[in-house]
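Participant: Okay, handing you the structure first.
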Amino acid sequence: MFEITLYQVGYCKHPEFMVKRGGSFSSIKFPAMVALIEHEGKNLLFDTGYGKHFFDATAKFPEKLYAITTPVTLEKPLVEMMDKKIDSIFISHFHADHIGGLKDFPDAKLYCSKEAYDIAKGKMSRFSKTKMGVLPALLPDDFEERLTYIEDLPKVDLPDALAPFEKGYLLEDRFYVIELDGHAHGQYGLVVDDTFFVSDAVWDIEAITKGVKPNILTHLIFKDAKVYHETIGKLKELHRHNPTLKMVPTHCSKTHEWYEHV
Ligand SMILES: [Zn+2]
């Protein structure tokens with residue numbers, strides 16, 4: 013048995029039209045969601061949301077550009093909202109609203125993509141990394157010692173219920189890990205029974221269920237626009253043939269209502 017609880021750990025604000033074609037000018041809150049998945053006495057987190065370290069990491073230029081273009085409010089970091097011992101953390105990708113709390117969980121095992129980590133630790137300039145939404149200062153010093161690459165997990169053929177996605181990885185013997193390319197380098201989603209955490213593959217579930225077109229803005233696509241839209245196409249096809257699978261984008265509060273949430 014397992015249980016899913018969602019936490020909203022900080023939010024940023026953008027005018028609606030920036031993320032939804034035909035949207036309004038009024039500012040909408042985009043919460044950074046974290047999922048706690050409790051299974052067999054173990055606690056797995058899907059991402060960490062924002063954290064206090066975000067503000068230190070963006071205090072100076074060029075990283076400050078991140079905080080200016082994405083104004084963040086954080087009332088409470090996850091570690092203060094939750095009194096659970098976290099065994100492991102699945103990092104969907106390296107944007108600050110997904111890894112901002114990593115330093116608050118010094119004992120957790122970590123899973124992330126090698127492609128994503130190679131960018132974060134690579135020789136690229138601080139300015140280029142900031143432009144890609146990657147802040148290496150958010151990574152704990154012993155990150156590598158606790159790390160397993162997603163690409164090193166057992167590779168599996170996915171069940172027909174997840175078509176058109178065919179190949180994935182198996183995490184902790186029971187969860188499927190699926191690549192969701194385009195938004196960021198090495199972005200992966202996680203399937204937990206009838207829930208698919210799709211991270212930032214879309215910002216609004218209606219991009220999948222109703223075909224609402226996302227606006228093509230560089231701040232939503234840090235890697236490749238063509239692939240970003242191909243991934244959305246696959247998620248739409250998946251939804252058509254498996255409508256009971258619940259897809260949960262990190263920033264879409266409509267879907268967060270489906271679960272116990274804090
Ligand atoms: Zn992102």
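Going by our numbering, the first residue of the sequence shown is number 13, and it counts up by one from there. Where is the CB? At the ideal position from N, CA and C, for every residue including glycine. For clarity, every value in this text was computed on a predicted model and none was experimentally measured.
Just to confirm, are residue 145 and residue 110 a CB contact at a threshold of 7 Å?
Facilitator: Taking the first residue of the sequence shown as 1, we reach residue 145 at position 133. Taking the first residue of the sequence shown as 1, we reach residue 110 at position 98. No, Cβ-Cβ distance for residue 145 and residue 110 is not below 7 Å.
Participant: Taking 6 Å as the line, does the beta carbon of residue 107 fall inside it for any heavy atom of ligand 1?
Facilitator: The residue labelled residue 107 in the question sits at position 95 within the sequence shown. Yes - ligand 1 has a heavy atom lying nearer than 6 Å to the Cβ of residue 107.
Participant: To which residues of the same chain is residue 40 closer than 6 Å at the C-beta, ignoring the five residues directly before and after it?
Facilitator: The residue you call residue 40 lines up with position 28 of the sequence shown. Cβ neighbours of residue 40 beyond the five flanking positions: 28.
Participant: In chain order, what residues of the same chain have a beta carbon less than 8 Å from the beta carbon of residue 324, not counting five sequence neighbours either side?
Facilitator: Residue 324 is absent from the model: the chain starts at 13 and stops at 274.
Participant: Distance, Cα to Cα, residue 124 vs residue 99?
Facilitator: Looking up residue 124 in the sequence shown gives position 112. Looking up residue 99 in the sequence shown gives position 87. C-alpha separation (whole angstroms): 15 Å.
Participant: Which residue or residues does DSSP assign as beta-bridge partners of residue 258?
Facilitator: The sequence position of residue 258 within the sequence shown is 246, counting from 1. DSSP lists 207 as partners of residue 258.
Participant: Among the candidates 175, 197, 94, whose CA atom is the shortest distance from the CA of residue 249?
Facilitator: To locate residue 249, count along the sequence shown from 1; it is residue 237. Out of 175, 197, 94, 175 has the C-alpha closest to the C-alpha of residue 249.
Participant: Buried or exposed, going by whether 16 or more other CB atoms sit within 10 Å of the CB of residue 168?
Facilitator: Along the sequence shown, read from residue 1 onward, the residue named residue 168 stands at position 156. That one is exposed.
Participant: Identify, in the order they occur along the chain, each residue of the same chain with its Cβ nearer than 8 Å to the Cβ of residue 195, setting aside the five sequence neighbours on each side.
Facilitator: Within the sequence shown, residue 195 is the residue found at index 183, counting from 1. 105, 211, 212, 213, 232, 233, 234, 235, 240, 243.
Participant: Just to check, is the beta-carbon of residue 196 closer than 6 Å to a non-hydrogen atom of ligand 1?
Facilitator: Sequence index remark: in the sequence shown, residue 196 carries index 184 (1-based). Yes, ligand 1 has a heavy atom inside 6 Å of this Cβ.
Participant: Just checking residue 212 against ligand 1 - is the residue's beta carbon closer than 6 Å to any of the ligand's heavy atoms?
Facilitator: Working through the sequence shown from its first residue, we reach residue 212 at position 200. Yes, the beta carbon of residue 212 sits closer than 6 Å to at least one heavy atom of ligand 1.
Participant: Nearest by alpha-carbon distance to residue 154: which of 135, 115, 224 is it?
Facilitator: Position 142 of the sequence shown holds residue 154. If we check each option's Cα against that of residue 154, 115 comes out closest.
Participant: Quick one: what does DSSP say residue 111 is sitting in, helix, strand or coil?
Facilitator: Numbered from its first residue, the sequence shown carries residue 111 at position 99. Reduced to three states, the DSSP call for residue 111 is helix.
Participant: Straight-line CA distance for residue 79 to residue 87?
Facilitator: Here residue 79 is taken as the residue at index 67 of the sequence shown, counted from 1. Here residue 87 is taken as the residue at index 75 of the sequence shown, counted from 1. Distance between the alpha carbons of residue 79 and residue 87 is about 16 Å.
Participant: Would you call the CB atoms of residue 341 and residue 74 closer than 7 Å?
Facilitator: Since the first and last residues shown for the chain are 13 and 274, residue 341 lies out of range.
Participant: With residue 145 as the anchor, note down where its alpha helix (DSSP H) starts and where it stops.
Facilitator: Counting from 1 along the sequence shown, the entry for residue 145 is found at position 133. Where residue 145 is concerned, there is no enclosing alpha helix (DSSP H), given that its DSSP letter is neither H nor E.
Participant: Distance check for residue 25 and residue 140, CA to CA, integer angstroms please.
Facilitator: Looking up residue 140 in the sequence shown gives position 128. Looking up residue 25 in the sequence shown gives position 13. Cα to Cα, the separation comes out at about 23 Å.
Participant: What did DSSP end up calling residue 150 once you bin it into helix, strand or coil?
Facilitator: Reading the sequence shown from its first residue, position 138 is the one you call residue 150. Residue state, collapsed to three classes: helix.
Participant: Pop quiz: residue 42 and residue 263 are said to be a contact at Cβ under 8 Å. What is the actual Cβ separation, rounded to whole angstroms?
Facilitator: In the sequence shown, the residue the question calls residue 42 occupies position 30. In the sequence shown, the residue the question calls residue 263 occupies position 251. Correct: roughly 4 Å between the Cβ atoms.
Participant: Hey, would you say residue 60 sits closer than 7 Å to residue 113, going by beta carbons?
Facilitator: Here the question's residue 60 lines up with position 48 in the sequence shown. Here the question's residue 113 lines up with position 101 in the sequence shown. Against a cut-off of 7 Å, the Cβ pair of residue 113 and residue 60 comes out as a contact.
Participant: Would you mind working out which of 218, 159, 128 sits nearest residue 200, comparing C-alpha positions?
Facilitator: The sequence position of residue 200 within the sequence shown is 188, counting from 1. Closest by alpha carbon: 128.
Participant: Does DSSP classify residue 230 as helix, strand or coil?
Facilitator: On the sequence shown, residue 230 is found 218 positions in, with the first residue counted as 1. A caution first: residue 230 carries a pLDDT of 49, below 50, which makes its placement in the model too unreliable to give a value.
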